[in-house]
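First the structure, in the form of structure tokens, and then the observations on it.
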Amino acid sequence: MWDHEIKAMASTHAIIASSVFMATVLPAVLVPGFSVYGAHLLWLYSVSGAVTVVSVAVFWLLGITPPTKKHTLGYKLSRVVRSCLYFFLSCLFFHTVVVLYGAPLIESALETFSLSVLLTSLTTLRCLCVLGPNVQAWIRVFSRHGAMSVWDTCLQITVACTLVGAWLGAFPIPLDWDRPWQVWPVSCSLGAMIGYLTGLVAAPAWIHYHRKQLTYKCK
Amino acid sequence: MKVRSSVFASFILIFEVVGIALFLRGFFPVPVKSSFSSKSSLSDQPKEPLAGSAPNSSRLPQPLFKRVVIMLVDALREDFVLGPSGRMYMPYTRHLVEKGSSQSFVAKARPPTVTMPRIKALTTGSIPGFIDVVMNLNSPALLEDNLIWQAKTAGKRIVFYGDDTWVRLFPKHFMEYDGTTSFFVSDYTEVDNNVTRHLDSTLKRDDWDMLILHYLGLDHIGHISGPHSSLIQPKLLEMDDILKKIHSALEAEGSLPYLLVLCGDHGMSETGSHGGSSEPEVNTPLVLISPAFKRKVGMEKPAVVEQVDLTPTLALGLGLPISQNSVGRVIPGVLEETSLRDQLRFLHLNGHQLSCLLKDSVADYEKDPGFEQFRVAEKAHGNWMKLYLEGNTSEVLTNMGKKVLKQYLEALAAMSSALSKQLGKYDMYSMVAGMLLLILLLAMPEALSGAASVDLPVLSALLSLPFYLLCLLLASVHVLVCTSAESSCYFCSLSWGLVFAAVAFSSAMFCILVSIATRRLPLGGDGEWSLSELDVLLLAGTVGHTLSLAASSFVEEEHQTWYFLLNTLCLVVFQDVCRKYFREQRGPGGDEEPILPSKDCRSSARPAAGIYSERWLALATPPFTCCAAGLLRSLNQTGVQWAHLPMSDTGSTGCSEHKLVLSLLSAFCLVLIYLLVQRRCSWVSKVALALGLLGVYSYRAAVGNVLFPWQHAGRTTSKGTVEARFVYVFVLGILFTGTKDLLRSQIITADAKLKSRGLWEIYSGLVLLASLLFRAHNLPVLCCCLLIQTLMAQFIWKRLHYDAAQTTIMHYWFGQAFFYFQGNSNNIGTVDISVGFVGLESYVEAPAIFLTALSTYAGPLLWACHLVCYLSSERDSPVALGHGCYCLALLRSVPAAAYIVLVTVLRYHLFIWSVFSPKLLYESMHLLLTAAVCLFFNTMEQSHGSSKS
Ligand SMILES: [Zn+2]
Ligand SMILES: [Zn+2]
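So the protein lines, in turn, are chains Z and V.
Quick note on numbering: the first sequence equals residues 1 to 219 in the UniProt record's numbering.
Quick note on numbering: the second sequence equals residues 1 to 949 in the UniProt record's numbering.
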């Protein structure tokens, strides 16, 4: 029934995943001495930049964003401005949450903020692309039985996977193994990244296998 | 037989406490100690035996050595010196071993092969138990009779360089010392250079009698890269050079007979760690070098001795009394060159000390073969002495003396092994029995359903065949274990009747539980599992926390786990609030839950603004909790990662500005506590509470922590006994009022309101007591605790319709987190013992222990009490209390049971003493406390039921 949508979703995810891959490989070729642990911030920025650009482009081309009522330029502009504002607010929100979880407040503020930028570009950006700057819709999607389309379910899965990945990534930090990936925030960002990639794979697969059970109210 | 589920749960908890007690009994065996509290001294040495007349000669042989140098190389493995590669690693030492006047042995260390217990074993000659560590909570110093103390008392001047564990164990014992810390394992050159740099000047001087050197570098290399690394050889060559330097310096001195000891405290496994009981970890070299020994002609196979044998050997060699609790026996090779009379005398002294210890520690010591042999040998010794003093010098006398010597040696060996059999061994039988008791009691999935009562099929279980079979099986296992040769279990010393009663009881329990489980099994399949995010988190957190206990780092940093879980909990609750209060009501179906609770008749009359503000308050509660947790976390930073940082608030009590801030803060906190607690009390308790809190402040002022507004500047600080007792009076008063209300609600009028007021009064009495016991800088913790409880109860738990299980789990998590917020950790050192003196003139054991336990567990206790108050105020679900009690019991016993299994598996872990054992004590104490709370729950539920009917 939704074969078409699932295919579109799978290809979108493939494009995004390959962009992540490219964002890791390209700096390794171009920048001398680049490694995921060593130049971690660089890797963070390149990955979040790539994910941001590619997902905005892909979702805009696909046209999943809910149709706007007005087509005036001013309205569209205000939507873009609000999206940017939301993006920034979400960075701050993640930063606060991570600090509350026990990240150093002042010492490595830059690292913490980079992590929150990564988390934002992996989660909030997708919400912005799929749902638009509409908090009510976000709350709806993230409550029980709130998904109204395949894309909503997909959004739920990827966001949950990313956050759980980042959450699990914090566990090895107190262990006394002295490994390079235990340094703050390497394990968390790696966890988030792995969770995101898992989500990208898992969402279409899950929807494909559960397509019989999935019924949406408004579709 | 029908039993209410909460009764069932507390019954089970009590059995778990018994199980844990049994386990602890097996895990920490009671150490063998002589009953004399004093230490042995020269004056009460036994007389030399003499047949016929009463023995009256207390002559002691001349000390063999005037000067002793002990060179202890941490983690020196036996084959590093005595093995085939020893010639390459330590050429000079090897030369001495093969050709010099030396004696070399393989000394067996007892597990746990960890440095501190090994040092204790080497100096006291006993095998220390963990109980010793707990008993000496106040001081890390070694209080037992030991060689260093004896040497110091005898006027020997001791110099020490090396691991600072020694300095902590023996404060003020050394004439000169320099401790190096073993904190940085990656450093293996500095630690040793810090020892060696003193060596040249010390060896030149002659104002010392005993020199102890403890080198840590080899151990660190082992931990970094294992026993086969390329770093080992240079390090051992360095050690060899040092030995050569010491030896030649001692040789040059000439006149004095010296003793140079090279030994290791423990070995090193093939991976470079230690702590376990494998051969390479246990076997250490022991090389004694002295001109008093015969020169060797070639390499012989070294004899095997116990590590503790060094202690009596050194003591006798130096002419010191053997320390009381020593279980070692003198190494006969060392005495070979002395006269036969002296040899016999030495052996007699050692035998006498061992027989005294045996008398104290074994019940039927007279039947012990070693003891009998010693008696016989002593008599023969007396006969020999008589002949010797008569001037007999024939061959017969020498042969007879040789025979006495042999008898003595056999007696020593027998007594020593009888003593060490009781020591340093885990009593696996008790441990397994305790563990089984725990696991058996976990195997009941009943009451989780929230049913009001549990049906126990007692009769059918008692009449079934499996019951009798199980009884038979357990009894035969018991007989088998206790009649086997090497058993020294606690159970075997119990009377048979008691054991069989326990066997019958536990098999009956087991049968009952199994039949319950099978009855429920077919029912368990139905019912759909629909879990919300909160349920997933609560389950995953509980399971994850239990699993995390297997890693020593997670045990050390357990507070991090709880802070992490607490934060996540807040976020999930935040999401729930968002969802339930702020979701747009444009859904087509009517299945949306009501956005705001409109059941309350008054709420419809309330203006819209009120609902609006309530919404925002509810939204603000989880972030507030998060922020409060963040602040509290920085208040008392616990855990090893923060150990080097200064405490943020405790220090600098002299600084007046600091004191002013602290005074304002605590005054504010006390006012806030009053405001938060008073609203549900009767007016009597309100007044009592206010006066009590005033008393708390004046107590703090009297102790000198805070400023009193109208205090004279010159007043000296007292102990504040009067003020503290003043507060105690009010605490008792409030508790009394609460109990009275409870009783009245139960007996006279079935008034639910009165009952909840009574409960709240008991709770507020506890709060008052906690505010007295908490240190001044910890009052914000109490304050935040009350604030969070109020907010959560007001806006979250009731409004979002969390059921009893969810509320209980949240309470438990908060309780755990507050346990760490208070400044506790899984280290024994953070227990604040000074609390035991609040309001007491001198140390009185029972109240001191009670107060210390109460203040340590104040966090979990307050949250559990709040749970009782909260659940009993919920009128719509009568079984909530029982259900909550059951959940609490389960939450506590799952980690406890899992931890016990883990500890048993990890009993040879490197950190078993430093990390896992203290945590085990904390866990069992917490379980005991939870059992008490559950009993309280029970009585509440009983009265609840009776007031309903
Ligand atoms: Zn050691
Ligand atoms: Zn070590």
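Cβ atoms here follow ideal geometry from the backbone N, Cα and C, with glycine treated the same way.
Computed from a predicted model, the values in this text were never measured in an experiment.
Tell me where the beta strand (DSSP E) around residue i begins and ends.
i               : result
R59 of chain V  : Looking at the DSSP string, R59 of chain V is not in any beta strand (DSSP E), and its letter there is neither H nor E.
G179 of chain V : 176-180
N283 of chain V : 283-289
C263 of chain V : 258-263
E306 of chain V : 303-306
L211 of chain V : 210-215
Hey, out of the options, whose CA is closest to residue i's CA?
i               : options                        : result
T830 of chain V : V:E556, V:S924, V:H909         : V:E556
E48 of chain V  : V:L260, V:R77, V:H352          : V:H352
A75 of chain V  : V:A701, V:E279, V:R157         : V:E279
L534 of chain V : V:S506, V:L571, V:L243, V:S495 : V:L571
G19 of chain V  : V:E98, V:S416, V:M925          : V:M925
S10 of chain V  : V:A141, V:L569, V:C885         : V:C885
F909 of chain V : V:T313, V:P112, V:D164         : Reading the sequence as shown, one finds His at residue 909 of chain V and not Phe. Minimum Cα distance to H909 of chain V is reached at V:P112.
L60 of chain V  : V:K798, V:G319, V:F936         : V:G319
M299 of chain V : V:V195, V:G267, V:S548, V:S104 : V:S104
S756 of chain V : V:G733, V:R197, V:R680         : V:R680
R892 of chain V : V:S484, V:H811, V:V304, V:S225 : V:H811
T196 of chain V : V:L861, V:K204, V:L213         : V:L213
S532 of chain V : V:S495, V:A418, V:V573         : V:V573
K66 of chain V  : V:M116, V:L472, V:E238, V:P257 : V:P257
F564 of chain V : V:S506, V:L231, V:G630         : V:G630
Consider the C-beta atom of residue i and the heavy atoms of ligand 2; say whether any pair is separated by less than 7 Å.
i               : result
H478 of chain V : no
H274 of chain V : yes
D176 of chain Z : no
H223 of chain V : yes
Using the rule of at least 16 other Cβ atoms within 10 Å of the residue's Cβ for burial, across every protein chain shown, is residue i buried or exposed?
i               : result
A78 of chain Z  : Before going on, a small fix: residue 78 of chain Z reads as Ser here, not Ala. Classification for S78 of chain Z: exposed.
M88 of chain V  : exposed
L617 of chain V : exposed
P321 of chain V : buried
T621 of chain V : buried
L645 of chain V : Note that L645 of chain V scores a pLDDT of 41, beneath 50, so its modelled location is shaky; the value from the coordinates is reported in the next line. Flag for L645 of chain V reads exposed.
H4 of chain Z   : exposed
T518 of chain V : exposed
K156 of chain V : buried
D192 of chain V : buried
W60 of chain Z  : exposed
D145 of chain V : buried
Ligand 1 heavy atoms versus the CB of residue i: any closer than 7 Å?
i               : result
H40 of chain Z  : no
A75 of chain V  : yes
R118 of chain V : yes
T115 of chain V : yes
D164 of chain V : no
Using a threshold of 8 Å, state whether the C-beta atoms of residue i and residue j are closer than that.
i               : j               : result
S764 of chain V : E723 of chain V : no
T542 of chain V : V894 of chain V : yes
L782 of chain V : I762 of chain V : no
G169 of chain Z : A205 of chain Z : no
R25 of chain V  : Y490 of chain V : yes
I119 of chain V : W166 of chain V : yes
S143 of chain Z : R579 of chain V : yes
S114 of chain Z : Y37 of chain Z  : no
What are the start and end residues of the alpha helix (DSSP H) that includes residue i?
i               : result
E372 of chain V : 369-389
T546 of chain V : 533-548
Y697 of chain V : 683-703
E558 of chain V : 558-582
Y86 of chain Z  : 73-100
Q156 of chain Z : 150-169
Given 7 Å as the limit, tell me if residue i has its C-beta closer than that to any heavy atom belonging to ligand 4.
i               : result
D219 of chain V : Ligands in the displayed structure: ligand 1 and ligand 2; ligand 4 is not one of them.
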